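Engineer: Each residue of the sequence shown is one higher than the one before, counting from 1 in full-length UniProt numbering.
One structure is given below, represented as structure tokens, and several questions about it will come after.
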Amino acid sequence: MTPQVLVLLAAALLVVPQRYRRLDQPRMNPVRWKGKLVAAPLSALMLMALWLLPLSVVVSAVVVAATGALRWRRRRRSRVESEELDCMASGLDVVVGELRVGAHPVRAFEIAAAELNGAAGEAFAAIAARARLGMNVDRALPRSVPARAQWNRITRSWSLAQRHGLAVADLLDACGADLQERQQFVARVNAGLAGPRATAGVLTGLPVAGIGLGQMIGARPLSVLCAGGVGGALLVVGVTLACAGLLWADAITGKALR
């Protein structure tokens, strides 16, 4: 049995009909529906590629696509966390301002939650709800919330103020100042790392430029690399090493932000 047939059989499992769902069960999340709608044409495209192209070309394309998807997810997660931190800083400013004019801490958090949207507003509302019930606010947020470490500082400041009778406004003001300093530091580091990241991208693309030049002068490297056999093995190894180098460069530059 050829590798193409094995991959086709494995891909066929993705389109096997699922069992019937009861009508009284909750409907599927729209995000999952979008994922399935995208996965269906991609699966069909992969099946066609496996049927028409050599296995080495398909494997190389999968490696490139996986690398791009991984980098895109990392950048998206970083962007979401940055937006979350900005909303958190705005919420802390609202809370501290309300506390300075004599509002109750629970009421201050409720006002901040009403003025914010998304995960930040839900987090402020969860803290206010648990505090109103007299519960421990350290467990008010799920572990999957973005910027979990920063939220832990806020909840610990609340608990510390309640336990030792400290001014919660001063503690939350210090959290807000620390958050702003961290955001400014991240912005400076990202600006400084723009050059190294661009260099890593250029170095990763140099083999592609070399193949293009070879094709232009008539050496026909694509015929060797896309024909399978030794050329196909070299294509897979080269693409894998290039993608691994790009991910390794991202890991090195990412350490500066930790």
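By construction, the Cβ of each residue, glycine as well, lies at the ideal position given by its N, Cα and C atoms.
None of the values given here were measured: they were computed from a predicted structure.
Quick check: the Cα distance between Trp158 and Gln183, rounded to an integer number of angstroms?
Structural biologist: Taking the straight line joining both Cα atoms gives about 22 Å.
Engineer: What residue ranges within the UniProt domain "Type II secretion system protein GspF" (93-210) form continuous alpha helix (DSSP H) runs of no fewer than 4 residues, ordered along the chain?
Structural biologist: Correct list: 105-115, 118-132, 148-164 and 168-192.
Engineer: Where Asp178 and Thr240 are concerned, what is the direct C-alpha to C-alpha distance, given to the nearest angstrom?
Structural biologist: Each residue's alpha carbon lies about 41 Å from the other.
Engineer: Does DSSP classify Arg220 as helix, strand or coil?
Structural biologist: Looking at Arg220 - three-state DSSP - the assignment turns out to be coil, as it is neither helix nor strand.
Engineer: Evaluate the contact criterion for the stretch 205-213 versus the stretch 165-173: three or more CB pairs, one atom per stretch, below 8 Å.
Structural biologist: With a cut-off of 8 Å, the stretch 165-173 and the stretch 205-213 do not count as touching, because too few Cβ pairs lie within range.
Engineer: Reducing DSSP to helix, strand and coil, say where Leu85 ends up.
Structural biologist: DSSP places Leu85 in helix when its eight states are reduced to three.
Engineer: Helix, strand or coil for Asp24, going by three-state DSSP, please let me know.
Structural biologist: Summary for Asp24: the model assigns pLDDT 40, below 50, so the residue's position carries little reliability, and this model does not support an answer.
Engineer: How would you label Ala242, buried or exposed, when you count the other beta carbons within 10 angstroms and need 16 or more for buried?
Structural biologist: It counts as buried.
Engineer: Check Asn29 in the structure and name its three-state DSSP category.
Structural biologist: At Asn29 the pLDDT is 48, less than 50, meaning the model places this residue with poor confidence; the figure from the coordinates comes in the next sentence. In this structure, Asn29 counts as coil in the three-state DSSP scheme.
Engineer: For my contact list, Ile211 and Leu222 are in at a C-beta cut-off of 8 Å; report their separation, rounded to the angstrom.
Structural biologist: About 7 Å separates the two Cβ atoms, so the contact holds.
Engineer: Would you report the Cα separation of Glu115 and Leu246, rounded to the nearest angstrom?
Structural biologist: For Glu115 and Leu246, the distance between alpha carbons rounds to 41 Å.
Engineer: Straight-line CA distance for Gly218 to Arg73?
Structural biologist: Their Cα atoms are separated by approximately 39 Å.
Engineer: Closest to Ala120 by C-alpha separation, out of Asp86, Gly102 and Ser78, would be which residue?
Structural biologist: When each option's Cα is compared against that of Ala120, the closest is Asp86.
Engineer: Work out the CA separation of Arg148 and Arg233 for me, nearest whole Å.
Structural biologist: It is Ala, not Arg, that sits at residue 233 in the sequence shown. Ala233 and Arg148: Cα-Cα distance of roughly 44 Å.
Engineer: Is the separation between the beta-carbon of Ala123 and that of Val94 shorter than 8 Å?
Structural biologist: No, Cβ-Cβ distance for Ala123 and Val94 is not below 8 Å.
Engineer: How is Ala227 classed by DSSP in three states: helix, strand or coil?
Structural biologist: Coil, per DSSP.
Engineer: Near Trp151, which residues of its chain fall below 8 Å by C-beta distance, leaving aside the five closest residues on each side in sequence?
Structural biologist: Met88, Ala123, Leu141 and Val145.
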